[in-house]
Each structure stands twice: as structure tokens, then as C-alpha cells.
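In the numbering used here, the protein residues as written are 3 to 366.
1) For residue 33, I'd like the list of residues in its chain whose CB is within less than 8 angstroms of its CB, leaving aside the five on either flank, ordered along the chain.
2) Note down, one range per segment and in chain order, each alpha helix (DSSP H) of at least 4 residues found wholly within the stretch 100 to 154.
3) Is the separation between the beta-carbon of residue 203 and that of residue 254 shorter than 8 angstroms?
4) Helix, strand or coil, according to DSSP, for residue 224 in the structure here?
5) According to the neighbour-count rule (16 or more other Cβ atoms, all chains shown, within 10 Å of its Cβ), is residue 15 buried or exposed?
6) Do you know offhand how far residue 220's Cα is from residue 195's?
7) State the Cα-Cα distance for the pair residue 57 and residue 316, rounded to the nearest angstrom.
8) Among the candidates 292, 197, 95, whose CA atom is the shortest distance from the CA of residue 155?
9) Between 36, 22, 262, 337, which has its C-alpha nearest residue 140's C-alpha?
10) Looking at the secondary structure, which residues open and close the alpha helix (DSSP H) in which residue 345 lies?
11) Among the residues of its own chain, which have a CB less than 8 angstroms from the CB of residue 330, if the five just before and after it don't count?
12) Are the beta-carbon atoms belonging to residue 239 and residue 199 less than 8 angstroms from one another?
13) Please confirm whether residue 302 and residue 215 have their CB atoms less than 8 angstroms apart.
14) From what residue to what residue does the alpha helix (DSSP H) around residue 36 run?
15) Tell me whether residue 41 is buried or exposed, calling it buried when 16 or more other Cβ atoms sit within 10 Å of its Cβ.
16) Residue range of the beta strand (DSSP E) that residue 198 falls in?
17) Does DSSP classify residue 190 as helix, strand or coil?
18) Tell whether a beta-carbon distance below 8 angstroms holds between residue 97 and residue 153.
19) Beta-carbon within less than 6 angstroms of residue 100's beta-carbon, same chain only, minus the 5 sequence neighbours each way: which residues are those?
20) From residue 72 to residue 126, what distance separates their C-alpha atoms?
21) Terminal residues of the continuous beta strand (DSSP E) containing residue 59?
22) Once the 5 residues before and after residue 76 are set aside, which same chain residues still bring their CB inside 8 angstroms of it?
23) Based on DSSP bridge pairs, tell me the residues matched to residue 98.
24) Quick one: Cα of residue 261 to Cα of residue 269, how far?
25) Would you mind working out which of 138, 122, 91 sits nearest residue 115, comparing C-alpha positions?
26) Could you check the C-alpha separation between residue 177 and residue 159 for me, to the nearest Å?
27) What is the DSSP secondary structure of residue 68, reduced to helix, strand or coil?
28) Please return the same chain residues whose Cβ sits closer than 7 angstroms to the Cβ of residue 211, not counting the five positions on each side in sequence.
29) Fully enclosed by the stretch 288 to 323, which alpha helix (DSSP H) runs are 4 residues long or longer?
30) Could you tell me which residues DSSP pairs with residue 92 in its beta bridges?
31) List the residues that DSSP assigns as beta-bridge partners of residue 17.
32) I need the straight-line Cα distance from residue 332 to residue 305, nearest angstrom please.
33) Could you have a look at residue 335 and say whether DSSP puts it in helix, strand or coil?
34) Could you say which of 313, 280, 314, 327 lies nearest to residue 299 if we only look at CA atoms?
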């Protein structure tokens with residue numbers, strides 16, 4: 003027994019930890035004109051501009067037709083150390099495709115550690131089959147983006163830490179306000195307004211709608227047109243499907259969308275109708291979400307319709323994505339032969355002028 007314990011005093015306490023210094027970062031490498039890159043021979047790659055993470059220079063290598071004959075049906079991706087080093091560099095890395103350039107960086111803690119020498123590269127020679135890429139959500143407007151996350155590992159060392167007898171941590175649960183408002187919509191408890199849409203009646207709460215939409219606020223607390231209100235005091239919504247209006251209300255109450263199967267052939271139509279509804283009721287965040295999702299459905303059969311929609315509802319990002327797709331001569335030729343192109347030409351002459359200007363700029 004120690005003297006401090008025997009004398010009734012508290013035993014001394016200390017703590018230490020083994021840590022490794024880590025410097026992390028990532029780089030986005032965008033491939034524009036994917037179709038043209040397919041002409042690059044197997045074994046040859048396109049490299050990103052050099053970028054710096056952890057005090058070292060790196061490059062991403064993209065092999066459109068595989069790194070070797072064994073991977074000729076695939077795209078290959080590699081990370082290269084773009085400098086000479088005397089001491090090998092230990093790295094954890096993850097290379098993947100992204101469909102949006104936002105969000106929290108993924109944890110690399112469980113990734114394999116690679117040791118890079120001078121101008122050495124590591125990667126995945128069979129990263130993805132070209133056919134799978136061409137059918138995926140990542141290829142939009144004949145372009146896609148590669149993201150490479152890197153953690154450069156330093157030497158291990160021991161540091162003193164706070165007393166091991168730390169107070170307990172209180173875990174605060176995430177907000178569930180959206181769930182409660184969703185239940186309010188579902189149960190219709192306290193509902194004080196009824197809409198008639200597509201032959202169905204939908205109950206809601208005036209204050210919630212007014213707080214989320216200036217248009218709803220003006221309609222519900224301003225002067226409604228008599229033609230919009232039935233004899234039973236029900237507000238009639240014309241030119242909208244019931245399911246679209248219900249999905250709009252779900253977003254208004256929960257700030258999220260119900261589960262939509264994005265592989266469903268009707269999903270793009272739902273996002274088109276939702277975009278129109280979001281613009282009609284000035285629900286801006288929903289409008290941006292619809293634009294983001296519609297970018298994934300741009301193809302030869304849909305681009306004319308989506309571009310017309312983007313022009314009519316002032317969706318500049320979606321419009322630019324359509325123009326990017328049409329900048330490919332092969333895509334443009336197919337689209338010009340479609341019925342959707344004729345409709346766009348008749349209904350949106352201003353878009354045709356912009357398209358002609360774009361083609362002239364490309365030709366020059």
C-alpha cells in the first residue's frame with residue numbers, strides 16, 4: 003500500500019496517449035468531354051494538375067481505356083506522388099466518383115496504408131466498367147468528377163493527455179422537429195384548411211404553410227379569388243396532380259422529400275412536376291433539390307424537355323447542365339431529330355438563340 007493511500011490522501015493520476023500526426027485533404031478532378039477521352043489508347047492516362055496535401059505534391063491519373071490490356075473494358079484511377087523523396091511517404095487514400103461536390107469528407111481511418119516512393123502511383127486498375135459509368139448518375143452532360151481523399155501519416159509519438167478520470171459525456175440527440183411536423187401533416191390534427199387537388203382533398207395547417215411559403219401566406223391570409231374556393235370553403239388547386247401537391251406539402255412540413263425511387267422511369271417526371279410546384283409556391287430549397295436531381299436524368303430523350311422547363315422557371319444551373327450536354331456534336335444531332343426539340347424551338351425561341359451562340363463559339 004502506498005504512503006498516500008495509507009495516509010488517507012488521494013493517489014496521483016495521469017494519462018498519456020500514442021498519436022500519429024496526420025495531414026488530410028482532397029482534390030476534385032473533373033473530366034469534361036468524356037466521349038472524346040475514350041479515344042485515348044489503353045495504358046495512357048490523363049493527369050490532374052499537381053496539388054499539395056501534407057507537404058507533398060500529388061496527381062490523379064485517369065485511364066479512359068484501362069491501365070493495361072487486363073483492364074481494357076474499365077476506367078482505371080491512380081494516385082501519383084509527383085516528386086522525388088528520400089523518405090517514403092505513408093498514405094491512406096480513397097479515390098471515387100462524386101455526383102455533388104459538397105458534404106463531409108469520408109473517414110480514412112480504416113483504409114489500407116500505402117507507402118509511396120518517388121513518382122510512384124497506386125490505384126484501382128478495374129475501378130469501374132465504362133458501360134456502368136455511362137449508365138450511372140455520375141456521368142452528367144458528358145462529364146464526371148473524381149474525388150481523391152488523402153491522409154498523409156506522420157511518425158508516432160507519445161503525448162500527455164488529460165486525467166483519465168474525465169467526467170461523463172452527455173450525448174444530445176439530434177433534432178426531431180421534422181418528424182413531429184410530419185406527424186402533424188399525416189394525422190391532420192388541428193388542420194384548419196382543406197385543398198382539393200386532382201379530385202382528392204388534402205388537409206393542412208395555415209400557419210405552417212404561411213411560415214414556409216410567401217405565396218401560401220398571401221393566398222391563405224390575403225384575399226382569395228372566389229373561383230378558387232368551393233361552396234364548402236375548400237381551396238381548389240388546378241393544373242397539379244394530387245401526388246405532386248402531397249409531396250410539396252411533405253417538404254414544407256419536414257424540409258425533406260419522401261423516398262423517391264430514383265431508378266423509376268417516372269422519377270424524372272415527378273421531379274419536373276415538383277420543380278414547377280416549388281416555383282409556383284416559392285419554395286426555393288425544393289426548387290434547387292429538383293434541379294440537382296434532374297441533372298442526373300439529362301439524356302438525348304429528355305434534354306429538350308428539361309431545358310425548356312429550366313428556361314420557363316429560371317433554373318440557371320439546370321439550364322447550364324443541359325447546354326453542357328448539348329455541346330457534344332453527337333448528342334446535339336440526335337436531339338435535333340426529336341419531337342422535344344421541335345417543341346423547345348416553338349416555345350422557347352430565346353433558348354434557340356443561346357444555343358446557336360454556343361455552337362458558334364465552339365466552332366471558333
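Yeah, the Cβ is synthetic: ideal placement off N, Cα and C, and Gly gets one too.
Checking against the coordinates, here is how it stands:
1) Cβ within range, chain order: 39, 48, 64, 145, 146, 147, 148.
2) 132 to 137
3) no
4) coil
5) Residue 15 is exposed by the Cβ-count criterion.
6) 14 angstroms
7) 44 angstroms
8) 95
9) 36
10) Run containing residue 345: 341 to 349, per the alpha helix (DSSP H) assignment.
11) Same-chain partners within the cutoff: 35, 37, 144.
12) yes
13) 8 angstroms or more divides the Cβ of residue 302 from the Cβ of residue 215.
14) 36 to 39
15) Counting Cβ neighbours within 10 Å, residue 41 comes out exposed, since fewer than 16 surround it.
16) 195 to 199
17) coil
18) no
19) Taking residue 100 as the centre and dropping the five residues before and after it, the same chain places the C-beta of 147, 149 closer than 6 angstroms to its C-beta, in chain order.
20) 12 angstroms
21) Run containing residue 59: 58 to 65, per the beta strand (DSSP E) assignment.
22) 68, 127, 128, 129, 130, 131, 132
23) 149
24) 11 angstroms
25) 91
26) Straight across, the Cα-Cα distance linking residue 177 with residue 159 is about 39 angstroms.
27) coil
28) 218, 222, 254
29) 305 to 314
30) 117, 155
31) 163
32) If you draw a straight line from the Cα of residue 332 to the Cα of residue 305, it comes to about 13 angstroms.
33) helix
34) 327
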